[in-house]
Amino acid sequence: ANQEKNISRNRSEVAFLRLSQMDQSLAKEVELAQANLTGQVQPAVQNQSHIKAHLPEPHGMHQVLRIDETLSPRDPKAPGQFGRPVIVPRGKEKEAERRWKEGNFNVYLSDLIPVDRAIEDTRPTGCAEQLVHNHLPTTSVIMCFVDEVWSTLLRSVHSVLNRSPAHLIREILLVDDFSTKDYLKDHLDKYMSQFPKVRILHLKERHGLIRARLAGAQHATGDVLTFLDSHVECNVGWLEPLLERVYLSRKKVACPVIEVINDKDMSYMTVDNFQRGVFVWPMNFGWKTIPPDVIAKNKIKETDVIRCPVMAGGLFSIDKSYFFELGTYDPGLDVWGGENMELSFKVWMCGGEIEIVPCSRVGHIFRNDNPYSFPKDRMKTVERNLVRVAEVWLDEYKELFYGHGDHLMDQGFDAGNLTQQRDLRRRLKCKSFKWYLENVFPDLKAPIVRANGVLINLALGKCVSIVNSTALLEDCDGSSKFQQFNYTWLRLIKHEESCLAPLPDQGAPKLHPCDIRDKGLKWLHKSTSLFQPELVNHIIFENHHPLLCLEGNFPQKTLKTAPCDPKKPSQKWNFENYYED
Ligand code: UD2
Ligand code: MN
349 ANQEKNISRN
359 RSEVAFLRLS
369 QMDQSLAKEV
379 ELAQANLTGQ
389 VQPAVQNQSH
399 IKAHLPEPHG
409 MHQVLRIDET
419 LSPRDPKAPG
429 QFGRPVIVPR
439 GKEKEAERRW
449 KEGNFNVYLS
459 DLIPVDRAIE
469 DTRPTGCAEQ
479 LVHNHLPTTS
489 VIMCFVDEVW
499 STLLRSVHSV
509 LNRSPAHLIR
519 EILLVDDFST
529 KDYLKDHLDK
539 YMSQFPKVRI
549 LHLKERHGLI
559 RARLAGAQHA
569 TGDVLTFLDS
579 HVECNVGWLE
589 PLLERVYLSR
599 KKVACPVIEV
609 INDKDMSYMT
619 VDNFQRGVFV
629 WPMNFGWKTI
639 PPDVIAKNKI
649 KETDVIRCPV
659 MAGGLFSIDK
669 SYFFELGTYD
679 PGLDVWGGEN
689 MELSFKVWMC
699 GGEIEIVPCS
709 RVGHIFRNDN
719 PYSFPKDRMK
729 TVERNLVRVA
739 EVWLDEYKEL
749 FYGHGDHLMD
759 QGFDAGNLTQ
769 QRDLRRRLKC
779 KSFKWYLENV
789 FPDLKAPIVR
799 ANGVLINLAL
809 GKCVSIVNST
819 ALLEDCDGSS
829 KFQQFNYTWL
839 RLIKHEESCL
849 APLPDQGAPK
859 LHPCDIRDKG
869 LKWLHKSTSL
879 FQPELVNHII
889 FENHHPLLCL
899 EGNFPQKTLK
909 TAPCDPKKPS
919 QKWNFENYYE
929 D
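Here's what the structure looks like:
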């Protein structure tokens, strides 16, 4: 295991090297652009004319504008001002507790805090002085919501209006995903009518987050789509660095650093730098810090853009035409979850990049539970979405996905029709998942099998060998191809292209054609789905009552399946190598 760690560490360094090289070439690009400057640093605000976004002509550069009320908020004494924590007033605890479930955060406090409160400028030093091009593309900010808390939704919108250069905001599209709350149905349009840039789209039925975003995208008129959740606070200078990346290359998908609006006291909290968006099996999103030695070795600065294997999902800018070129999200994804994986794989494998831009920072209320209901079971919805993603994008590695959630494999999901998604992948000539692993996410542990090599009986010291398609016991010989097996994530014991199956009469197991759906071919071994530690080294045929186990006999040199017995050493086995953690 140690050795494996070293290998993956070395590999990840290679990846980061590539990353910093990439950014050096971009730095060159910026330098060149600066050299082309003829002294006229125009404030971009004056530039309202239509913008030819992607022409490589010399452009003026200007500093990120400081559009913010942070320095002089209207009421500096108001609760939560400057992002400070708020305490529920004495006597109001019960009310605060009662209102928690309206949004699964401290709704009572949210209502106390000004909708345009100031927050601290948490950007790393250097961000405020950074230059961006004059001719940045315009963006449509798309915020989908279902029954969002009023004050929180308003604060999200105000933070966009107050902290974005007006000329870059084509519109703010609020997509109401069939909310039931009266204030959203009746008052929102009236309130927002004071802001000409805000448009509201009331969906006529519940679309779910994913299809609601697509509805927003259909109506958007800006060059770039910027998606936000409906409980965020954009920090000063958040927008320009995102649009700058998209402007430099239309295939860059730019994400802000997502900071934390505390769900209990509503304080705005910054997060550690140098975080990449990653996932662990079975496709759970998370953040992972770049190791300090990698940062030091590559001289990565706090302001440097970080390339990420996957995005968190909620907040990002993407060129609109590129989003449609990629076929948007898979519209077969339901309600919530997995769409961030889908888009991330699609972007990387089909020629784009995903980046976190440290100079762009947006706060988000992280909640322990979704405050809205799912039309169907929540778990099943998310899992079905992930199955769609796995079936379209993971190639042979989808076995790792299924193997890490034991129940996923047995459920026999109806993931719906996938033809269109697979056709799309072919049409776009996207690369393989293997390419993605090697080039984008080399530090992901993705062994294609669970165990392999010889299969040795612990009591007898003899190995399974295939003779005329039948399994026998022989002296171990690691170089014999007749003794090589793969134990797969789908629980098959594979010998070359065939699979080991028990015989119903409990005689010697024989080779059969493999079929991942055939329960008659599946063996449990060292699996967490079997909660019997005393059977840990057994090789169990589960599809039988009572459970059957592989058993060796010596000196007869034969194998059979017999009722499992934790006390029988002749039923204990090890493969030569294991790859599970
Ligand atoms: C994260 C993402 C979220 C989304 C999700 C996975 C961040 C900060 N958030 O979960 O954007 O990618 O992972 O799918 O990265 N909504 C609807 N209709 C629905 C359900 C939700 O409009 O049926 C809205 C909801 O009001 C919210 C947004 O979609 O504004 C995201 O939902 P969430 O905040 O519950 O998701 P979150 O932050 O837990
Ligand atoms: Mn959210």
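Counting from 349, one number per residue, gives the positions in the sequence shown under the UniProt record's numbering.
Note that the Cβ used here is the ideal one computed from N, Cα and C, for glycine as well.
Source: prediction; values computed, not measured.
Pair within 9 Å by beta-carbon distance, residue i and residue j
| i | j | result |
| --- | --- | --- |
| residue 624 | residue 690 | no |
| residue 466 | residue 513 | no |
| residue 921 | residue 895 | no |
| residue 801 | residue 923 | yes |
| residue 708 | residue 861 | no |
| residue 680 | residue 765 | yes |
| residue 748 | residue 635 | no |
| residue 592 | residue 655 | no |
| residue 436 | residue 426 | no |
| residue 564 | residue 523 | yes |
| residue 517 | residue 601 | no |
| residue 341 | residue 648 | Residue coverage of the chain in this structure runs from 349 to 929, which leaves residue 341 outside it and unanswerable. |
| residue 573 | residue 671 | yes |
| residue 566 | residue 678 | no |
| residue 805 | residue 815 | no |
| residue 907 | residue 889 | no |
| residue 428 | residue 711 | no |
| residue 653 | residue 791 | no |
| residue 302 | residue 577 | Because the chain here runs from 349 to 929, residue 302 falls outside it and cannot be looked at. |
| residue 475 | residue 651 | yes |
| residue 417 | residue 464 | yes |
| residue 482 | residue 408 | yes |
Selected residue, minimal CA-CA separation from residue i, among the options
| i | options | result |
| --- | --- | --- |
| residue 751 | 446, 929, 429, 445 | 929 |
| residue 822 | 771, 901, 857 | 901 |
| residue 874 | 845, 908, 839 | 839 |
| residue 511 | 444, 562, 413, 461 | 413 |
| residue 459 | 480, 889, 434, 656 | 434 |
| residue 604 | 843, 903, 472 | 472 |
| residue 835 | 869, 786, 910 | 869 |
| residue 909 | 887, 653, 537, 915 | 887 |
| residue 560 | 575, 851, 711 | 575 |
| residue 531 | 509, 502, 817, 543 | 502 |
| residue 729 | 716, 756, 715 | 756 |
| residue 696 | 786, 644, 651, 705 | 786 |
| residue 419 | 716, 583, 884 | 583 |
| residue 479 | 541, 911, 534, 587 | 587 |
| residue 851 | 884, 558, 891, 829 | 891 |
| residue 856 | 837, 633, 904 | 904 |
| residue 969 | 763, 706, 772, 664 | The first residue shown for the chain is 349 and the last is 929, placing residue 969 beyond what the model contains. |
Residue i Cβ short of 8 Å to the ligand MN heavy atom set
| i | result |
| --- | --- |
| residue 451 | no |
| residue 713 | yes |
| residue 634 | no |
| residue 662 | yes |
| residue 577 | yes |
heavy atom of the ligand UD2 below 8 Å from residue i C-beta
| i | result |
| --- | --- |
| residue 595 | no |
| residue 493 | yes |
| residue 531 | no |
| residue 678 | no |
| residue 696 | no |
| residue 560 | yes |
| residue 503 | no |
| residue 684 | yes |
| residue 648 | no |
| residue 657 | no |
Whole-angstrom C-beta distance between residue j and residue i, which should lie under 8 Å
| i | j | result |
| --- | --- | --- |
| residue 807 | residue 918 | 5 Å |
| residue 676 | residue 571 | The pair is not a contact, with the Cβ atoms about 16 Å apart (cut-off 8 Å). |
| residue 581 | residue 539 | About 18 Å separates the two Cβ atoms, so there is no contact after all. |
| residue 849 | residue 858 | 6 Å |
| residue 490 | residue 521 | 5 Å |
| residue 442 | residue 456 | No, residue 442 and residue 456 are not in contact; Cβ-Cβ is about 10 Å, not under 8 Å. |
Any chain C beta carbon closer than 9 Å to residue i
| i | result |
| --- | --- |
| residue 442 | Absent here is chain C; the protein component of the structure consists of one chain. |
Residue i CB to nearest heavy atom of the ligand FMN below 8 Å
| i | result |
| --- | --- |
| residue 635 | Looking for the ligand FMN in the displayed structure turns up nothing; the ligands present are the ligand UD2 and the ligand MN. |
| task | Decide if the stretch 554 to 561 is in contact with the stretch 489 to 497; the criterion is three or more beta carbon pairs, one per stretch, under 8 Å apart. | result | Cβ pair count under 8 Å is three or more, so yes.
| the stretch 713 to 728 touching the stretch 593 to 601, judged by at least three CB pairs closer than 8 Å | Flag = no, the stretch 713 to 728 and the stretch 593 to 601 do not touch.
| field | Meets three-Cβ-pair contact criterion under 8 Å: the stretch 775 to 792 and the stretch 853 to 869 | value | Too few Cβ pairs lie closer than 8 Å, so no.
| said: Measuring CB atoms only, is the stretch 781 to 795 touching the stretch 731 to 745, in the sense that at least three cross pairs come out at less than 8 Å? | reply: Result yes; three or more Cβ-Cβ pairs closer than 8 Å.
| Any contact of the stretch 638 to 645 with the stretch 726 to 735, i.e. 3+ C-beta pairs under 8 Å? | Touching, no.
| message | Could you check whether the stretch 445 to 458 touches the stretch 681 to 701, counting it as contact only if at least three pairs of C-beta atoms, one from each stretch, sit closer than 8 Å? | response | The answer is no - the stretch 681 to 701 does not touch the stretch 445 to 458, with fewer than three Cβ pairs under 8 Å.
| said: Below 8 Å, how does it come out for the stretch 608 to 615 and the stretch 658 to 665: are there three or more Cβ pairs, yes or no? | reply: No, the stretch 608 to 615 does not touch the stretch 658 to 665.
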